[in-house]
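One line per chain: the protein sequences are L and H, in this order. The C-terminal residue of the first sequence carries number 333 in this note's numbering, and the numbering is unbroken. The C-terminal residue of the second sequence carries number 550 in this note's numbering, and the numbering is unbroken. Think of the CB as a built atom: it goes at the ideal place given N, C-alpha and C, for glycine as much as any other residue.
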Amino acid sequence: MTGTAIAPAPSAEPLTGRSSGQRSGRRVWSYWRFYLALSPFYVLFAVFGLYPMLSTIVLAFQRWDGLSPRRFTGLDNFRFLFEDPTFWLSLQNTVVLFFMSTIPTLCIALVLAVMLQSAVRFTGVYRIAYFIPNVTSLVAMAIFFSAVFSTNFGLINAGLRSLGIPEQDWLGQPWGIKIAVSTMIVWQWVGYNTLIYLAGLQSIPKDQYEAAKVDGAGPVRTFFSITLPQMRSIVLFTVIISTIGGLQTFTEPQVMVGNSGGTGQSGMTVVLYFYRAAFLDNDYGYAAAIALSIFMLVLLFTAINWRIFRVRGDAK
Amino acid sequence: MELSRRSLLAGGFALVGGTMVGCSSGMDTSAPAKTNVATTLVLWCWPGGLGKSVLDETITHFPDPTIKYSEIGGDFKQKLITTFNGGTGIPDITGIKGEDIASMLPQANRFVDLKTVGADAILGDYLEWKVKQATTLDGKVLGIPIDIGPTALYYREDVFTKGGLPGDPAKVAAELSTWDDFIAAGVELRKANPKAPIVSDATDFYDIIIGQNPTRYIDKDNKFIGDQDHIRKAWDICVKMMTSKVDGKTPGGSPDWNAGLDQGTVPALVGAAWVALDVKAACKTSVGKWRLAPTPSGPANFGGSFLTITKNAADPAKAFEVIKYMLNADNQAKAFADAQIFPATPAAYDKPQLKAADPFFGGQVPIEVFGPAAKNIPVAYEAPADSAVAQPFKDELKSVQSGAKASDAAWSSAVSKAKAIAKRQGVQ
């Protein structure tokens, strides 16, 4: 479909009215059908996205228990936030979990994508199989994983026992909780990223590989000299998407270790802390302040990612 | 734009913000909105909150106005708050869960003081400590109790006797009458059977031990008392469970706990009357081997809800008639037969539905344990900020359990965190 096929009448006029405000205004209005077609997203976004976001910013400067009148308290919420050890702990947990889950996810996904690329048979079956975890109910999976990691009757400990390794109290130890939660995130997101990488791999021109072959490059060299550089923008995309998602980890620890975040509050992520502040402690203003901090955190990490990948891109 | 978990989460996140704030516009007037129309009487409760046969029978008993029952799943309190803020569609009668009632008391102006519609005549039928939970400091009664959750010691008679402990409920009651006895018995049991720790999870016991006290974290003068002896004692009992190695570290509701109930690796637990439903669901081979004894060191309460009338009710007097009927002793006994909803009216304890022997407990009559427990639960004042203030203690206790912190260090950290939260919530 091309734009010209459905272009409205004004485009047929000579473009002389550019200086006239009145005419350009009329020209904008003559596109009303297009704006109308676009509007559902913007209307929904304004109502369910923009307005709540702006209100959250306002709420972060207020005290509100959900029902009583709201009261402006200035920077009180933020002052408490900076002194709150639980908040800093949750921030630390979130970042640790982010690294523990995102790096393995993307590495495994890239390897799988290369393998899928060269697979000859059953490619459709593999792709579906890898994608299924991504469309499975998160809560059901979290319950399943907490059974897998349970101490006495869990699959992991059964495996350890059969190897003669002493069993671990996975969900009762701070590191065990982090491993269990990040394992689940990896399991869920590998397939999704594999498919994105696979699409990226298929867009790399074949002649580059042929040229590499002619030059005598082996599969490893080809991967690092051709595949990886060509995939840079795709990798950036997955890193940013994983960052945004990974920093908002909530369901996995909530279902696996509960609202308290488990032993040593090891599973207490910032979003879980936000949830607890708002919906369990009825401290909505403080929760809004936490929500803003998540926003800043995501922004910061995205900026860092962007910078790392762009600088490398320029150096090329 | 592809639909990923990320975008969904982002959307959900925005929605959360929406419920938090979006619905709040124009709610700075704390006065309730206009009253409902009188043609129907809208009743809200959560799934399983009211006995099915009692509910059906009440609906037919009050044909005019028609009772329209709505079962609200999910986070009930949140949906109620959102509806209050929205200002329309507020129910005439609504259930409020026991754990939420304290945080609703400051909102007394959104509810009808039941004393103004004749509650005084029936309040004596209900357990005093339970009614107190729904009474504001200035004496307004906001809710009539649906049920309560008196605790008892559930134990495996077979595991106890094999391990050299008494098996008969009367003997268990006599020999395990305090937490110290209970822990000593646990040490004994561990010697005979190392795979049967008497404490399923020490941190699960903390709330129950706190509930045995007549005071909690904040007193009636809005003063923080969480650093005092009664809290420290509860803390120390839990720590003693850990240090004397009778703690199985198997949190209630976990897969290990569920499996352990039937296999004998969770030989005992302390839980409310409704925990029987969970235990029964988890057990297949151990049916008839469970017994009930009084909670060591006295009963506590865990859960139990209320029915309230909102200020939006078209006809509060009529709504109260419905509540009065639905929650009378006869119907409370019926609700118990329906779904183990444990009555808040002592008169119901003598009804045949409650006098029945339970084969799951080897023919023991549960009410003989739960009945006296229900009557002896201490009256405790629970401040609106209570659960927020309690959280650091539970978090830190878990650190002691995992060995990450020594008891004293964890305690002082819990106290300082709790103090900060209390101060933030306006407690002195």
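TODO: Compute the Euclidean distance between the alpha carbons of residue 212 of chain L and residue 418 of chain H, then round it to the nearest angstrom.
DONE: Distance between the alpha carbons of residue 212 of chain L and residue 418 of chain H is about 58 Å.
Task: Residues in the region 85-118 of chain L having any Cβ partner in chain H nearer than 8 Å - done: Taking 8 Å as the Cβ-Cβ cut-off against chain H, the residues of the region 85-118 of chain L that qualify are 85, 86, 87, 97, 100, 101, 102 and 103.
- [ ] Drop a sphere of 10 angstroms on the beta-carbon of residue 148 of chain H, count the other beta-carbons inside from all chains shown, and report buried for 16 or more, exposed for fewer.
- [x] The predicted model places residue 148 of chain H with a pLDDT of 41, which falls under 50 and marks its position as unreliable; any figure quoted below should be read in that light. It is exposed - the Cβ of residue 148 of chain H has fewer than 16 other Cβ atoms within 10 Å.
Task: Pick from H:347, H:397 and H:371 that is closest to residue 324 of chain H, judged by C-alpha positions - done: H:371
Task: Span of the alpha helix (DSSP H) around residue 267 of chain H - done: No alpha helix (DSSP H) holds residue 267 of chain H; the beta strand (DSSP E) holding it covers 265-267.
Task: residue 414 of chain H - DSSP class collapsed to helix/strand/coil - done: strand
Open item on the list: Assuming contact is defined by CB atoms lying nearer than 7 Å, are residue 73 of chain H and residue 168 of chain L in contact in what I supplied?
Closed with: Only positions 123 to 550 of chain H appear in the structure, and residue 73 of chain H is not among them; the question remains open.
Open item on the list: Can you look up residue 144 of chain H in the DSSP assignment and give me helix, strand or coil?
Closed with: Annotation note: pLDDT 41 at residue 144 of chain H (below 50); position unreliable, coordinate value reported separately. Helix.
Open item on the list: Below 8 Å, how does it come out for the region 180-199 of chain H and the region 392-401 of chain H: are there three or more Cβ pairs, yes or no?
Closed with: Taking one beta carbon from each stretch, the region 180-199 of chain H and the region 392-401 of chain H have fewer than 3 pairs nearer than 8 Å; the two do not touch.
- [ ] Would you identify the three-state DSSP class for residue 57 of chain L, choosing helix, strand or coil?
- [x] helix
Task: Neighbour list for residue 168 of chain L in chain A, Cβ cutoff strictly below 8 Å - done: Looking for chain A here will not work: the only protein chains present are L and H.
Task: C-beta contact flag for residue 157 of chain H and residue 434 of chain H at 7 Å - done: yes
Open item on the list: Does any residue of chain H have a CB that is nearer than 7 Å to the CB of residue 319 of chain L?
Closed with: no
Open item on the list: Out of H:199, H:420, H:475 and H:491, which one is the CA nearest neighbour of residue 551 of chain H?
Closed with: Residue 551 of chain H is absent from the structure shown; chain H starts at 123 and stops at 550.
- [ ] May I ask which residues mark the beginning and end of the beta strand (DSSP E) holding residue 428 of chain H?
- [x] 428-431
TODO: Could you name the residues of chain L that residue 200 of chain H contacts, counting a contact when the two beta carbons are closer than 8 Å?
DONE: 296
- [ ] With a threshold of 16 other CB atoms inside 10 Å of the CB of residue 271 of chain H, please say whether the residue is buried or exposed.
- [x] buried
TODO: Report yes or no: is there a C-beta of chain H within less than 7 Å of the C-beta of residue 225 of chain L?
DONE: no
Task: Span of the alpha helix (DSSP H), counted from its first residue to its last, around residue 217 of chain L - done: 191-219
Open item on the list: Give me, in chain order, the residues of the same chain whose beta-carbon lies closer than 7 Å to that of residue 499 of chain H; leave out the 5 immediate sequence neighbours on both sides.
Closed with: 251, 272, 421, 422 and 423
TODO: Assuming residue 118 of chain L and residue 263 of chain L form a contact by the criterion Cβ under 8 Å, report the distance between their Cβ atoms to the nearest whole angstrom.
DONE: 6 Å
Open item on the list: Using only the alpha-carbon positions, how far apart do residue 300 of chain H and residue 358 of chain H sit?
Closed with: 14 Å
- [ ] Would you mind working out which of H:529, H:246 and H:278 sits nearest residue 263 of chain H, comparing C-alpha positions?
- [x] When each option's Cα is compared against that of residue 263 of chain H, the closest is H:246.
Task: Residue of L:65, L:249 and L:290 minimising C-alpha distance to residue 109 of chain L - done: L:290
- [ ] Taking residue 221 of chain H as part of the alpha helix (DSSP H), name the residues at either end of that continuous run.
- [x] 220-226
Open item on the list: To the nearest angstrom, how far is the alpha carbon of residue 261 of chain H from that of residue 207 of chain H?
Closed with: So the alpha carbons of these two residues sit roughly 25 Å apart.
- [ ] May I have a chain-ordered list of the alpha helix (DSSP H) segments no shorter than 4 residues that lie completely inside the region 299-333 of chain H?
- [x] Taking 4 residues as the minimum length, the alpha helix (DSSP H) runs contained wholly in the region 299-333 of chain H are 301-314 and 324-333, in order along the chain.
- [ ] Can you pull the chain L residues whose beta carbon is under 7 Å from the beta carbon of residue 387 of chain H, in chain order?
- [x] 169
Task: DSSP-derived helix/strand/coil call for residue 537 of chain H - done: helix
Open item on the list: In this structure, how does DSSP classify residue 462 of chain H when only helix, strand and coil are distinguished?
Closed with: coil
Task: Nearest-angstrom Cβ-Cβ length linking residue 210 of chain H and residue 188 of chain H, presumed shorter than 8 Å - done: Contact flag wrong, Cβ pair sits at about 19 Å.
Task: Where residue 242 of chain L falls: helix, strand or coil (DSSP) - done: Helix.
Open item on the list: DSSP has residue 190 of chain H in a bridge; who is on the other side?
Closed with: H:164
TODO: Report the rounded CA-to-CA distance for residue 535 of chain H versus residue 197 of chain L, giving the unit in angstroms.
DONE: 27 Å
Task: Whole runs of the alpha helix (DSSP H) within the region 105-175 of chain L, excluding any shorter than 4 residues - done: 140-148 and 155-165
Open item on the list: Is residue 399 of chain H near the ligand NAD - that is, is its Cβ less than 6 Å away from at least one heavy atom of it?
Closed with: This structure does not include the ligand NAD; it has no bound ligands of any sort.
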